[in-house]
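Residue numbers (the numbering used here): 31 to 123.
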């Protein structure tokens, strides 16, 4: 139930995944991934010193671009300037 917001993150890789990786380097958290051949899936975002951040069965990381969920793998979804990316840990999708 915590939100981390970044007003501006700079990356040379213009994908949802590239932006996530740039933000993780900036903030010092870890990203765990799987690559099924269809693209990269985020399996966990590990935030240091967060006691409430635990993996829960049935939950997964999903993202939205400008408020809309996407079925495109994070490393294949090209973003534009001023896009808003939100990562959500949910059991609804």
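Even for Gly, the Cβ is constructed at its ideal location relative to N, Cα and C.
Asked                                                                                                                                                               : Found
Quick one: grab the DSSP three-state call for residue 55.                                                                                                           : helix
Tell me residue 95's beta-bridge partners as DSSP assigns them.                                                                                                     : 98, 115
Starting from residue 65, trace the beta strand (DSSP E) both ways and give me its first and last residue.                                                          : 60 to 65
Is residue 103 closer than 9 Å to residue 70 when the C-beta atoms are compared?                                                                                    : yes
So what does residue 45 bridge to, in DSSP terms?                                                                                                                   : 108
Nearest to residue 77 by alpha carbon, out of 91, 64, 57, 46?                                                                                                       : 57
Alpha carbon to alpha carbon, how far is residue 75 from residue 59? Give it in angstroms, no decimals.                                                             : 7 Å
Sort 107, 119, 122, 118 by Cα distance to residue 49 and report the nearest one.                                                                                    : 107
Does residue 98 pass the burial test, meaning 16 or more other C-beta atoms within 10 Å, or should it be called exposed?                                            : exposed
For residue 47, which residues of its own chain have a beta-carbon under 7 Å away from its beta-carbon, when the five flanking residues on both sides are left out? : 70, 104, 105
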